[in-house]
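Using the working numbering, you'd call the opening residue of the sequence shown number 2 and step up by one each time.
Just so you know, even glycine gets a beta-carbon here, dropped at the ideal spot from N, CA and C.
Since the model is a prediction, treat every value here as computed from it, not as a measurement.
Input: a single structure, listed below in structure tokens.
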Amino acid sequence: MTIQQSRPIDYTNQDSDIHAEDICPVALLRFSIILCTYNRRNMVLSTLASLRRQTLSYTLFEVIVVDNGSSDSTLQAVRSYVNAGAAQRRQPEDTWQVQCLTEPHNGLAHARNKGLQAAKGEIAVFLDDDTLLEPSFLAQLLDTYETTGADAVGGRVELQWDAPRPHWLYDDLLEMLGRFAPFYIRIPLPETLNFSSCNFSVKTAVLRTIGSFSPFLSKRLHVPTQAECADLCHRLRSYGYSLWYEPDAVILHRVPAARIQRAFFQGRAYWRGRSIAMLHYVNTPQSRSGIHMMTFPVLWALLREFYEILELALLHRPLLFLSSQPPQEQLRAALTQAEIWGHLCQQLQFIEHAPALLNTPSVLFVRPRNKDIFLLEQGLLQHGTRCAVSNASIPLAWLWRHRTYRAQPIGIIHLYQAGAFHLNFWQRQRFWFLLRLAQHLGIRIITTDTGGWWHNVRSLRFLLHRTFERRLFYCSDIVLTHARQIAHLYPDSKLRDRVHFLIHPGYRGYSPPAIAREQAHQELGVPSKASYVYLCLAYLHSEYELVHLIDAFTDAKEQQQRKKETSSRKRLQLLLVGSPKDRKIAHHILERAAMDSAIHLFLEFTEQDLPLFMGASDAVVFPHFAIPAVGMLEMVLLSLSYERIVVVPDLPRFQGVLPPHASIFYNPDSRAGLVQALVKAQSPRSHLREKDLRALDVSPGWQHHSERLLDIYRMLLSQQ
């Protein structure tokens, strides 16, 4: 059989060989057989020969050979084999389709991911380079997919001995050599079983949905772990895909003489123990409060394993030897000891250093005390990101475990709303020391600039908060902002170069629903005849800003009173919730509220009361002055998620990020601008459109936000 070649082949290029589209339409391809190899020239040629003898039509499958940096001329041998007779002309149905790729990064996951990127078939079939296929292998796989509608199918693996089987090798050990034959009938794969790593197939669309193979879990040079297939099955099941076992899709796994040694089985048991620990580490969800692995349950489990090893080594195995037990029993005890020892060693390594998981970064969120970042954290956890949360501090143990690993950064400290950290002098010094230590250890720093109350007042009282936050911006590798007007908010070009815009999602469907209007008015003592109610979250503002709002509200009421038609007049009310940040007792506000019955002051406030106040109001007002950095977009979006009109200043944090029909912008330089905005908010044309409401939905918004943030994490870790 020969290969049809229409153009010269460049085998020094990683991307190319005999392309499937040169032979038949891509739509006809059912299978992409991905065959990864490393320094097994003769074996991979035997595997290719068995692929060439398949009964399935050549127009239905392609072969992708990925050389993983071999040094024994494997690639040249494969090139000679697949190109043999290429000059002869063959019909498409008589010509098989082959691509040859190279992947310089050592590791089975890297090679398989490279092959998957080039795959054009509907189904990706993954084989090892030391296997031989039965002629009907692909035909049986195709029948299983068409009959069952499966998303993934694994086949049976039998052994082909290159040397006589020794007497001490009992049947239970054959699985360690690759044998996989749990059933002899076609059956959905039970939850307790996983595919054989040398004979499984998955629809390519499914693989691209659940994600690529993890280099951390797959075998590579000097690290023969075997966990990638178990991880794949776990992810397939978690997404709800169907897995099937087909016993008639048979391959033979070669067993060389070097593997029929006791030392090989002990080494395989040791790495199986390490693989189990690695798989458990990856698939165990992180605790919201867990900072590092030095917890009592972990230490207790390690002590138990250490005790088991001592018992096996010092008591059980000597007794087996002295009692002249069969070699199989002694080998079984030795393998158990090796597996426990491997598991223990891997656990100790995790305690000493976190693994380098570039696809799933490790992130430490440092937030103000009592700041809720549940949505952000859950969104990242759903994408496999390992998150820990700390209240305005950086744990030293986390820094040590996530230091640079072999010149590759693996950890990220994400500072969230740092201006709200309440730290005394010594706490700030300790924070700066740990932050500098983190940078020295190769940990990346990200700060999210959300704005906050510390920008509202240009007094010395909040100067430390502003200075602390500004200094963090200059220490960070990336500054995230939710403001589109980056140039106006960050005039310093040195800082502006590291600022990235990130859309802030909404909260519609997450917060508790607003209380019914009549009930809310009754509970809060708002007159039943009140026709329009403004709400101001006073705890986000300064006393000066609140006085400014009260004056504007008074002017707006006077405009209503001057209207000629009594029917067009509205009974306006103002709710001030909480105490201003810069005054424990706001005397000026108390005096104004005492003189005007339309102003309702609620000094005691908790977040649980927010649905009550939102239910009582029609619009939420944010009375700021013309300071570029003021404003908290988070609270504005929360108000919009309650379907309330928002009155905001025309400042950088709000420009271009709010729905225009439900956002009333005013000129912060004058009181007249705020008065005009208060009056305009009463217009029936001011309301949220259906499109605006969908954009505020919590689920898609935070999912997209997490995906974008994860891309930023990966980009930052990939930078050297």
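Taken through DSSP and simplified to helix, strand or coil, C199 comes out as coil.
Contact annotation: the region 419-427 does not touch the region 541-561, with fewer than three C-beta pairs closer than 8 Å. Take the alpha-carbon of L577 and the one of L613: they are about 13 Å apart. Between the region 110-123 and the region 30-37, the count of Cβ pairs shorter than 8 Å is three or higher; the stretches touch. With respect to the C-alpha of V390, the residue from L377, H384, Q383 having the closest C-alpha is L377. Distances from the alpha-carbon of N114 to those of L611, D68, Y475 put D68 closest. Under the rule that a run must span 3 or more residues, the beta strand (DSSP E) segments found entirely inside the region 628-705 read 646-650, 664-667. Taking the C-beta atoms as reference points, R472 is found no nearer than 8 Å to H456. Taking all protein chains shown into account, S618 has 16 or more neighbouring C-beta atoms within 10 Å of its C-beta and is therefore buried.
Per DSSP, Q98 is one residue of the beta strand (DSSP E) stretching across 98-103. In the DSSP assignment, Q383 falls outside any beta strand (DSSP E) and within the unbroken alpha helix (DSSP H) covering 375-383. In the DSSP assignment, I487 falls within the unbroken alpha helix (DSSP H) covering 487-490.
The region 528-542 makes no contact with the region 497-509: fewer than 3 CB pairs, one atom from each, lie closer than 8 Å. By a beta-carbon distance limit of 8 Å, T145 contacts A250. Their separation comes to about 7 Å. With respect to V154, D232 sits apart: the two C-beta atoms are not nearer than 8 Å. Here the alpha carbons of P183 and A119 stand approximately 32 Å from one another.
Membership of F62 in the beta strand (DSSP E) is indicated by the continuous run 62-68. For R429, the enclosing alpha helix (DSSP H) starts and ends at 426-441. Annotation: W245 is outside any alpha helix (DSSP H); the continuous beta strand (DSSP E) that includes it extends over 244-256. Scanning R690, H589, S642 for the CA closest to the CA of S700 turns up S642. Scanning Q267, V367, L320 for the CA closest to the CA of A335 turns up Q267. Under the rule that a run must span 3 or more residues, the beta strand (DSSP E) segments found entirely inside the region 333-376 read 363-368. Put simply, of F375, I310, L139 the residue whose alpha carbon is nearest the alpha carbon of Q55 is L139. The criterion of a C-beta distance shorter than 8 Å is satisfied by Q348 and L303. Close CB contacts of T337 within its chain, under the 7 Å cut and outside five residues either way in sequence, are with L313 (chain order). In this structure E592 is exposed. Its beta-carbon is surrounded by fewer than 16 other beta-carbon atoms within 10 angstroms. As for any alpha helix (DSSP H) of minimum length 4 sitting wholly inside the region 523-611, the runs are 544-562, 588-596, ordered along the chain. In its chain, beyond the 5 residues on either side, S529 have a beta carbon closer than 8 Å to the beta carbon of E519.
Closest in alpha carbon position to R269, among I310, R305, T226, is T226.
Under the three-state reduction of DSSP, S74 is assigned to coil, being neither helix nor strand. The secondary-structure analysis by DSSP pairs C230 with nothing; it has no beta-bridge partner. Judged by DSSP in its simplified three-state form, T210 adopts helix.
K115 carries a helical assignment under DSSP once its states are collapsed to helix, strand and coil. DSSP, read as helix, strand or coil, puts A120 in coil. Here G274 carries a helix assignment [DSSP, helix/strand/coil].
Three or more beta-carbon pairs separated by less than 8 Å link the region 191-211 to the region 155-170, which places the two stretches in contact.
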